[in-house]
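Q: One structure follows; several queries about it will come next.
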Amino acid sequence: MAEEQKRGLEGAVIADTRLSRVMGDVGRLVYCGYEISDLADNATYEEVVFLLWNQRLPSAAELEALRKTLFSHMALSEAEIDVMRRLPVKAHPMGILRTAVSTVGVFDPEAEDNSPEANQRKALRLTAKMPTIIAAWSRIRTGKELLQPRADFSLAENFLYMLNGKPGSKPEVDALNAYLVLLADHGMNASTFTSRVVTSTDGDMYSAITAAIGSLKGPKHGGANEAAMRMFFEIGKPENVEKWFKDEVKGKGRRIMGVGHRVYKAFDPRADVLKRQVDKLGPGAKENPVFLIATGLEKQVMADPYFVERKLFPNVDYYSSIVLDAIGVDTDLQTPLFAMSRIAGWSAQVMEQWTDNRLIRPLDNYIGPMDLKWVPVNQRG
Ligand SMILES: CC(C)(COP(=O)(O)OP(=O)(O)OC[C@H]1O[C@@H](n2cnc3c(N)ncnc32)[C@H](O)[C@@H]1OP(=O)(O)O)[C@@H](O)C(=O)NCCC(=O)NCCS
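Under this note's numbering, the first residue of the sequence shown carries the number 651, and numbering increases by one thereafter.
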């Protein structure tokens, strides 16, 4: 690897942004000037969507207008649903989401229009349709009837309603709203970088977001919430934590899913808020074995010199898996929910990239052989 660049582009700055600032050394995250804990405690997801798209908070009238416009774009067309119905029910929901978002793009007459106005409309459509896609897939694969969104509901309320066939309770809606606020943007993470790279080729919004979904899926990025949940299930009982940590982590060198971060060398502020959300979900959530396993494993991590020296703390995916599980989201739908929130940030980053777009085209360092002579195929050994 060339000396001037660290592996994995660590520390490389690839854009100026007005959207979010991650201060990894002190564990702070700011959207357009506002502290993440302040937003999670007070803002609706729609307010954060407006903030990221406009770099200011909306007035009451603007917020209601955005809620209504989002609602008006939520329903999927018959053609879009028809494509989804043909997909295999055993496929991973992130593959389904990637395919469905791409499908929305091919049916959109504005797909190839990269003007700022068309991009804003596409951002709206995607933000509105992603909750419907995820809820619809959950019902299609279990043979249930699909539900239409309700005009009086927020995006979080509509998602729970379309998923479960009944409105969520207030604590469930609040927890989901806080989750959506917390995950909406996060600096130059891998999927955001992917969306900017696609945009830098003058590529369209749907291509950028479809690629970003592919990038989010892996367990070193958004897929970590599902991987963390499966790890908690594997541990099984709170009393197994200590032995599991000794055998699997210390003994076999396994990575703890939902722990560690490229940028945060302090506690991830989003994990902190999510852990508090579990309290608000009532005694059932706090007594849930998976929460007790998670808090028990966190104690092992925070006391272990290996993790302390490397500044490895629970990240957002560690506790988001617990919150999403507590509000009834299937384990394999957890990463799609990450995407359902992050669409706000991805689309904002795509629109920001368009304001000063230049091809992102780094170099590599060739380390293969040189000056080999061509050998005809019948003379090769
Ligand atoms: C997020 C992550 C990919 C960041 O990776 P990175 O910045 O490339 O860090 P590295 O993989 O170089 O790891 C640095 C050191 O910490 C260790 N480490 C990192 N994450 C670890 C984890 N979850 N469990 C145990 N050790 C871990 C590595 O083994 C390495 O140790 P070394 O210095 O002795 O070689 C990594 O922490 C990870 O895989 N975490 C688990 C998956 C996850 O939660 N992803 C979601 C991130 S929001």
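Beta carbons are placed, not taken as given, at the ideal position from N, Cα and C, and that holds for glycine.
What whole-angstrom Cβ distance do residue 730 and residue 854 have, given they're in contact under 8 Å?
A: So it is not a contact: roughly 18 Å between Cβ atoms.
Q: Does the Cβ of residue 943 have 16 or more other Cβ atoms within 10 Å, making it buried, or fewer, making it exposed?
A: The residue is buried, with at least 16 neighbouring Cβ atoms inside 10 Å.
Q: First and last residue of the beta strand (DSSP E) that includes residue 680?
A: Where residue 680 is concerned, the enclosing beta strand (DSSP E) stretches over 678-681.
Q: What does residue 1057 pair with, by DSSP beta-bridge criteria?
A: Residue 1057 cannot be examined here, being either before or after the span of the chain that is shown, 651 to 1031.
Q: Are the C-beta of residue 715 and some C-beta of chain D separated by less than 9 Å?
A: The structure shown contains no chain D; it holds only a single protein chain.
Q: Looking at the secondary structure, which residues open and close the alpha helix (DSSP H) in which residue 731 lies?
A: Element bounds for residue 731: 728-735.
Q: Under 9 Å between the Cβ atoms of residue 967 and residue 828?
A: Not closer than 9 Å, so no.
Q: Our contact map puts residue 721 next to residue 799 with C-beta atoms below 8 Å; I'd like the distance itself, whole angstroms only.
A: So it is a contact: roughly 6 Å between Cβ atoms.
Q: Measure the C-alpha to C-alpha separation of residue 1009 and residue 689 and round it to an integer number of angstroms.
A: Distance between the alpha carbons of residue 1009 and residue 689 is about 34 Å.
Q: Should residue 827 be counted as a contact of ligand 1 given a C-beta to heavy atom distance under 8 Å?
A: Incorrect: residue 827 has no Cβ contact closer than 8 Å to ligand 1.
Q: Go ahead and pull the three-state DSSP assignment for residue 838.
A: Residue 838: strand per DSSP, three-state reduction.
Q: Helix, strand or coil for residue 928 per DSSP?
A: Helix, per DSSP.
Q: Throw me the rounded Cβ distance for the residue 981 and residue 879 pair, which I believe falls under 8 Å.
A: With 8 Å as the limit, residue 981 and residue 879 qualify as a contact, their Cβ atoms being about 5 Å apart.
Q: Does the beta-carbon of residue 906, which I'm using as the reference point, lie nearer than 8 Å to any heavy atom of ligand 1?
A: Residue 906 Cβ: within cutoff of ligand 1.
Q: Among 815, 977 and 806, which has the Cα closest to the Cα of residue 796?
A: Residue 815 is the option with its Cα nearest to residue 796.
Q: Just to confirm the assignment, what range does the alpha helix (DSSP H) spanning residue 907 have?
A: Counting along the chain, residue 907 falls outside any alpha helix (DSSP H), and DSSP gives it neither H nor E.
Q: Output the residue ranges of the alpha helix (DSSP H) runs that lie fully inside the stretch 691-771 and measure 4 residues or longer, sorted by chain position.
A: Qualifying alpha helix (DSSP H) stretches, in chain order: 695-704, 710-724, 728-735 and 743-757.
Q: Along the chain, where does the alpha helix (DSSP H) that runs through residue 1010 open and close?
A: It is not in any alpha helix (DSSP H) - residue 1010 carries neither H nor E in the DSSP assignment.
Q: So, are the CB atoms of residue 682 and residue 657 less than 9 Å apart?
A: The answer is no: Cβ separation not under 9 Å.
Q: Sort out for me which residues DSSP pairs residue 685 with in a bridge.
A: Answer by DSSP bridge pairing, in chain order: 680.
Q: Would you check if there are 3 or more beta carbon pairs closer than 8 Å linking the stretch 977-993 to the stretch 863-880?
A: Yes, they touch.
Q: Looking at C-alpha atoms only, which residue of 994, 882, 959 and 860 is the closest neighbour of residue 753?
A: Among 994, 882, 959 and 860, the Cα nearest to that of residue 753 is on 860.
Q: How about residue 786 and residue 744: are their beta carbons less than 9 Å apart?
A: Contact: no.
Q: Comparing the CB of residue 870 with every heavy atom of ligand 1, is any distance shorter than 8 Å?
A: Checking the Cβ of residue 870 against ligand 1 gives yes.
Q: Mark residue 877 as exposed unless 16 or more other C-beta atoms lie within 10 angstroms of its C-beta, in which case mark it buried.
A: By the 10 Å Cβ count, residue 877 comes out buried.
Q: Starting from residue 974 and walking both ways along the alpha helix (DSSP H), at which residues does that stretch end?
A: Where residue 974 is concerned, the enclosing alpha helix (DSSP H) stretches over 966-976.
Q: Is the stretch 724-741 touching the stretch 772-792, taking contact as three or more C-beta pairs under 8 Å?
A: With a cut-off of 8 Å, the stretch 772-792 and the stretch 724-741 count as touching, because enough Cβ pairs lie within range.
Q: Are at least three pairs of beta-carbons, each pair with one atom in the stretch 879-898 and one in the stretch 931-943, less than 8 Å apart?
A: Verdict: yes, contact present.
Q: Looking at residue 898 and ligand 3, is the gap between the Cβ and the nearest heavy atom below 8 Å?
A: Looking at this structure, you won't find ligand 3 anywhere; what it does contain is ligand 1.
Q: Can you tell me where the alpha helix (DSSP H) holding residue 894 begins and where it ends?
A: 891-894 is the extent of the alpha helix (DSSP H) around residue 894.
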